[in-house]
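K.L.:
Residue numbers are given in numbering that gives the first Met the number 0: position 172 of the sequence shown equals residue 171, and the series is strictly consecutive.
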Amino acid sequence: MFALGKVLREIFYPTRCLSCHTTIAPSALLCLPCRESLLAQLFLNAGSRECLHLDGIYILFRYEDGVKKALHGLKYHHRRSYLEQIAGEIQGQGIVAQLRDTWELCQAIFVVPIPTAPQRYKQRGYDIPSEIFCKWTSQEELIWYPALARNRDSLPQYGLNKLARRHNVQHSLHVKRNVRGKVILLVDDIFTTGATMDEAGRVLKQAGAAAVYALAFAGNAGVTNNTKSTERG
Ligand SMILES: [Zn+2]
């Protein structure tokens, strides 16, 4: 019955590309041309963007057009259906091979989601990083490892400047599982200034993590072309 409902919904309300509104497969967020134009696949070196506690950063999509609409819909308009579509965009991009290759990682990778503030979880009813990365983690045979927790409710980062963002997240996270000697891949929906990811990197390294990398579904890529690029910094 559920599957039939899904089929009927697709007939009457087909899934549309969030950028250009053409009809697309239900598990996708973007049509092929829009996906190609928004894919960043950007690798940032250790210490880039003042993130001194991260060994590398990977940004999958540019935070623009349909990608921006999807994250806004999830954060502010309860568009829960976007979770599955974003998860669909993350799967099948060959991310793990790229990460292992670029960062020369051959050991086990522990995937640690950035925890959502309890207050915002209560408002939304879902935790975006877990919903969009958990399935991908098991498909890729990585280890899902929620090792971080919030100390307190920090203010939403949206609307704060760079300095205020750093101050806002200071001491907002703690490590709740053993991370000693482990290679960590932090995952989050968005990388803007990287303040939260960097604070996560700081506490994880303090707890003995061997290396901490960051992966974001979207971010300010700082490039306008759609080629795979590396920013030196
Ligand atoms: Zn499109």
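We put the beta carbon where it would ideally sit given N, CA and C, even for glycine.
Only a predicted model underlies this, so the values are computations on that prediction, with no experimental measurement involved.
What are the boundary residues of the beta strand (DSSP E) that includes arginine 149?
P.N.:
Numbered from 1 along the sequence shown, position 150 holds the residue referred to as residue 149. Looking at the DSSP string, the run of the beta strand (DSSP E) that includes arginine 149 is 147-149.
K.L.:
For ligand 1, is there any heavy atom lying closer than 8 Å to the beta carbon of leucine 147?
P.N.:
Reading the sequence shown from its first residue, position 148 is the one you call residue 147. Checking the Cβ of leucine 147 against ligand 1 gives no.
K.L.:
At a cut-off of 8 Å, would you count threonine 14 as near ligand 1, judging by its Cβ distance to the nearest heavy atom?
P.N.:
Mapped onto the sequence shown, residue 14 falls at position 15. Result no, Cβ not under 8 Å from ligand 1.
K.L.:
Starting from the Cα of glutamate 130, find the closest Cα among His166, Leu70, Arg201 and Gln40 and give me that residue.
P.N.:
Within the sequence shown, the letter at position 131 stands for residue 130. With distances taken between Cα atoms, glutamate 130 lies closest to Leu70.
K.L.:
Tell me the DSSP bridge mates of alanine 210?
P.N.:
Your numbering for residue 210 matches position 211 in the sequence shown. Answer by DSSP bridge pairing, in chain order: Val182.
K.L.:
Just to confirm before moving on: does the CB-CB distance between lysine 68 and leucine 17 stay below 9 Å?
P.N.:
Locating residue 68 in the sequence shown gives position 69, where the first residue counts as 1. Locating residue 17 in the sequence shown gives position 18, where the first residue counts as 1. The answer is yes: Cβ separation under 9 Å.
K.L.:
Who are glycine 218's beta bridge partners in DSSP?
P.N.:
Walking along the sequence shown from the start, residue 218 turns up at place 219. Bridge partners of glycine 218: Arg61 and Phe190.
K.L.:
Go to leucine 162, then tell me how far its alpha helix (DSSP H) extends in each direction, as first and last residue.
P.N.:
Position 163 of the sequence shown, counting from 1, holds the residue named residue 162. Per DSSP, leucine 162 belongs to the alpha helix (DSSP H) from 161-168.
K.L.:
What residue range does the beta strand (DSSP E) around proline 25 cover?
P.N.:
Mapped onto the sequence shown, residue 25 falls at position 26. Careful: proline 25 lies outside any beta strand (DSSP E) and carries neither H nor E.
K.L.:
Here's the rule I'm using: 16 or more other beta-carbon atoms within 10 Å means buried, otherwise exposed. How should proline 32 be labelled?
P.N.:
Counting from one through the sequence shown, the residue named residue 32 turns up at place 33. Burial call: exposed.
K.L.:
If you draw a straight line from the C-alpha of glycine 200 to the C-alpha of leucine 7, how long is it?
P.N.:
On the sequence shown, residue 200 is found 201 positions in, with the first residue counted as 1. On the sequence shown, residue 7 is found 8 positions in, with the first residue counted as 1. Roughly 46 Å separates the two Cα atoms.
K.L.:
Closer than 8 Å is the cut-off here; do at least three beta carbon pairs connect the stretch 107-127 with the stretch 140-150?
P.N.:
A contact exists between the stretch 107-127 and the stretch 140-150.
K.L.:
Compute the distance between the beta-carbons of arginine 79 and glycine 193, then report whether it is under 9 Å.
P.N.:
The residue labelled residue 79 in the question sits at position 80 within the sequence shown. The residue labelled residue 193 in the question sits at position 194 within the sequence shown. Not a contact, by the Cβ cut-off of 9 Å.
K.L.:
Rounded to whole angstroms, what's the CA-CA distance from arginine 15 to valine 66? Just pull it up for me.
P.N.:
As a working note, residue 15 is residue 16 in the sequence shown. As a working note, residue 66 is residue 67 in the sequence shown. C-alpha separation (whole angstroms): 13 Å.
K.L.:
Quick check on histidine 77: buried or exposed, where buried means 16 or more other Cβ atoms within 10 Å of its Cβ?
P.N.:
For the purposes of this step, residue 77 is identified with residue 78 of the sequence shown, where counting begins at 1. Answer is exposed; the Cβ neighbour count stays below 16.
K.L.:
The alpha helix (DSSP H) that contains proline 13, what's its start and end?
P.N.:
Here residue 13 is taken as the residue at index 14 of the sequence shown, counted from 1. Counting along the chain, proline 13 falls outside any alpha helix (DSSP H), and DSSP gives it neither H nor E.
K.L.:
Run through DSSP, which three-state label would asparagine 224 get?
P.N.:
Reading the sequence shown from its first residue, position 225 is the one you call residue 224. Reliability fails at asparagine 224, whose pLDDT of 39 lies under 50, so the model's placement of it is uncertain and the value that follows must be treated cautiously. DSSP places asparagine 224 in coil when its eight states are reduced to three.
K.L.:
Provide the residue(s) that pair with glycine 55 in DSSP beta bridges, ordered along the chain.
P.N.:
The residue given as residue 55 occupies position 56 in the sequence shown. Asn44 and Tyr212, per the DSSP bridge assignment.
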